[in-house]
Amino acid sequence: MLKFANIVLGEFGAPRCARCHRIDAETLRDAPIVLESVLEAASAWPGGPGLNLSFGGAEPFHHPALFELLDASVKAGASRIRLESDAHALVAPGIAERALHSGVRHLRFPLLGSTAELHDSLIGARGSFESTLAGVKSFSAVAQQNGAAVHVTTRVPVCRHNLHDTAGIVTLSTKIGAKAVLLTIDDCDLDLRQAAPWLEAACDTGVVYATWVEVEGVPYGCAHGWELHLASLYHTVEGEKTDTCRECPLAEVCSGAMPGASARVLATCAPPPDAAHIAGRIARGLNPLQAG
Amino acid sequence: MAERSLKVAMVALNRPGYQSLALGYLRAYAEADRRLRGNVGFKTLDLTTDVDPWWVAYRILRMSPDVVAFSVYCWNARAIYEVCSIIRSADHRPTIILGGPEVSPVAEDVLAANLAVDAVVRGEGEETFSELLRVVASGKRMWMCPGVSARNGDAIVSAPDRPLIDDLDSIPSPYLSGALHVLPRLSYIETYRGCPHSCSYCFEGKGSTRIRSFTRERIAAEINAVATAPGVEAFSFVDSVFNLTPERLHWLADTLETYAKRGLSLHTIEVDIERMNAEQARDLRRAGVSSVETGPQSIGAEALQTCHRSFDSRRFAEGVAVLKREGIPAECDLIFGLPGDDAYDVIAGLRWLLDLDPGVIQHSTLHVLPGTDLCGRAQELGLKYEASAEHCVIQTREIPFADIRRLEVMASAMQSSYRARL
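The listed protein sequences derive, respectively, from chains A and B.
Per this note's numbering, the first sequence starts with residue 27, numbered consecutively.
Per this note's numbering, the second sequence starts with residue 2, numbered consecutively.
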């Protein structure tokens, strides 16, 4: 529910399935440009808890000016800083401590599978799985030693290659201390109606293990009975949408299908028959999840 | 009938980090009772709920007590019933007495369900417990003692209720009398009994909004005893509303300021935040208050109405703001599963509190406690809850079972995220 301003460190650094996507070489933005976006975010912060900044887009620890940028963020008034990182660098001596002392309190790390075999094969880098787990453990241990409250979460780019493992990923995330898991659809051809039972099972697994699972990229109509897990219920929906989703009566509150979703997928996630009714309830401040 | 001497074991199973003030009062009152003096010896076992019931029973039985008395709340009832059963199986002699909010409103049901228990003290316990000990010592009938429910052969009989104690100062102070030792961070002071509110889910006011206060001399003496005890850097008050009146709060601040200047702090003080203004916030700071606890419990109009609570979002936000200006974080509480609240109301409440940024956001799931208004209206309101303690709500008319569990997990994650900050 907490809002974070995204600070883009670069492009093509967020891990995703190498079988579904062409993996381009990571690029980094110059430090002054990043710093400018930090200051912009600070001045545009709407109030409420914060300033909260999330550094991603490229692997944060690949950026040569990361720690200077973190220092500048704290000076700009950041109260929560999140790194979207594979956590590999946090294993190196002193790095986790430095990150913590530089103000990092939130870590969101990617997991594409619950086993090294699946994760590494989808990422396309052997050893990535173990390095991520070791980095997360290192950060959590350092935070505990320093008595700092940190929030560690998992980000799962979901595609046809790991959909069936999402419950396993949630279980593993719980075991390594993640308080929440974000399942984000990252496959334009994934049939969301067929995927829904797997996602629902992953959400239920999280509830049983007391780890919250949020789902992005699944429209209301595909999440019957587990709508509470839809990220769009908690976050303002931002960003470009497909034409189909833009025209839906639920556009204001539904994250819709992922940008670039195929026509075949969009056809399966058409708005529910009562979309206009649900939208009307939301507009009146009523519960969108209940009929009547 | 000649009176026999009694060894009395008084047992509390507290949540870790707490000490039983209730047992302190009971013991202080009984020890001051001239009719018991010299005839009755007391031993208090202030244990925690994480101790295995078999070891609790072991410690009690090793004392060979004539009377075992427990203070029962929803969070320790299951364990206490188990301890009672073990004690009774091992030794048929001790008289087992229960008291406290968990058993008091349903005394006869408790006796029917727990054959190991001999008597239940209903309502305010000090006077009744003391008299009950005299009854036990003299071999008289417990079920005739006002405020007691007990067995008469196979029957369960309740004697008439006992009126509340008018003069609270007639109850000796647990701290000043030595019945309760002052322990760092674990000690609590009560300055009055009752609650000005009558929230449907709460047993604090026991159906009445009547306030009975200790005298200021007594309160000041207790504060001094606790605040000057060795090792004490912080303590708290159990008062349901610390800022009951501005004048009273001002006096408390005057009294506490001396100690606060020496570094003493007060934690988790319950306040009515909608009454809070700049002057009251200053008084709290002068008193050394390091954090306060408050509602709103819900922001849903239907739930608030059903639970007889009022909520003014503007005044609430102003209260949080004036406290922030004095550097005092407010722990804001929400209760999930109140009748009238749907899942969207709960999420709206969390969102509202997040936007307010009070410092700490806490949530709990409704407990439908015996004797509360909600307990009496549960069927009418469509509340399904655990019949046995802790009486946690299972589902409501508005929120199904699975969604309440989902909301619990979601809110915990949100709390973790909110707490993780510089």
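Using N, Cα and C, we set each Cβ at its ideal position, and we do this for glycine too.
Contact under 8 Å by Cβ, residue i with residue j
i       : j       : result
P41(A)  : I121(A) : no
R219(B) : S174(B) : yes
S292(B) : P247(B) : no
N78(A)  : R124(A) : no
E258(B) : A235(B) : no
H89(A)  : L35(A)  : yes
M143(B) : A108(B) : no
L138(A) : A98(A)  : no
A57(A)  : E94(A)  : yes
T200(A) : Y235(A) : yes
S154(A) : D112(A) : yes
A257(A) : P275(A) : no
T269(B) : L382(B) : no
A33(B)  : K205(A) : no
D334(B) : Q298(B) : yes
L305(B) : S314(B) : no
Residue i (DSSP reduced to helix, strand or coil)
i       : result
W144(B) : helix
D374(B) : helix
R219(B) : helix
L250(B) : helix
V34(A)  : strand
T200(A) : helix
C43(A)  : coil
L423(B) : coil
A151(B) : strand
T192(B) : coil
R181(A) : strand
R5(B)   : coil
V321(B) : helix
N188(A) : coil
V122(B) : strand
I172(B) : coil
R352(B) : helix
F243(B) : coil
T256(B) : helix
V136(B) : helix
Cβ shell of residue i (< 8 Å), same chain only, five flanking positions each side left out
i       : result
I166(B) : E125, E127, E128, I172 and R213
E191(B) : L22, F215, F238, V239 and D240
L370(B) : C75, P102, E103, Y202, C203, F204, C376 and H392
E52(A)  : G36, E37, F38, G39, A84, E85 and H88
Own chain partners of residue i with C-beta closer than 7 Å, once the 5 adjacent residues on each side are dropped
i       : result
T262(A) : In this prediction, T262(A) has a pLDDT of 49, which is less than 50 and means its spatial position is unreliable; nothing more can be read from the coordinates.
L367(B) : Y202, I336, F337, G338, L339 and V394
R276(B) : N244
G232(A) : V196, V207, W238 and V239
H251(B) : D284
N278(B) : V323
A403(B) : none
G103(A) : A68 and L77
Expected contact under 8 Å - CB spacing of residue i and residue j to nearest Å
i       : j       : result
G372(B) : F204(B) : 5 Å
A10(B)  : L46(B)  : 6 Å
V137(B) : L7(B)   : 7 Å
L265(B) : A228(B) : 5 Å
A58(B)  : I87(B)  : 4 Å
A169(A) : L126(A) : 6 Å
R316(B) : A282(B) : About 13 Å; that fails the 8 Å criterion.
L99(B)  : V73(B)  : 5 Å
Other residues of its chain near residue i: CB distance less than 6 Å, five sequence neighbours each side excluded
i       : result
L189(A) : A221 and W224
P161(B) : P147
A10(A)  : Past the boundaries of the shown model lies residue 10(A); chain A is included only from 27 to 318, so the question cannot be answered.
M284(A) : I211 and G243
C185(A) : C43, C46, D212 and D213
L216(A) : R186
A29(B)  : P173, P175, S178 and A180
A91(B)  : L62
In chain order, which alpha helix (DSSP H) runs of at least 4 residues are fully inside the segment 259-283 of chain B? none
Whole beta strand (DSSP E) elements within the segment 375-405 of chain B, 3-residue minimum: 394-396
Please specify which runs of the beta strand (DSSP E), each continuous and at least 3 residues long, are wholly inside the segment 89-172 of chain A, giving them in chain order. 106-110 and 130-136
Entirely within the segment 49-116 of chain B and at least 3 residues each: give me those beta strand (DSSP E) ranges in chain order. 68-72 and 96-100
Which runs of the beta strand (DSSP E) fall wholly inside the segment 204-271 of chain A and span at least 3 residues, in chain order? 206-211 and 238-242
Along the segment 296-322 of chain B, where does the CB come closer than 9 Å to a CB of chain E? Name the residues. Among the chains of the structure shown, chain E does not appear; the protein chains present are A and B.
Considering only residues of the segment 12-37 of chain B, which uninterrupted beta strand (DSSP E) runs meet the minimum length of 3 residues and lie entirely inside it, listed in chain order? none
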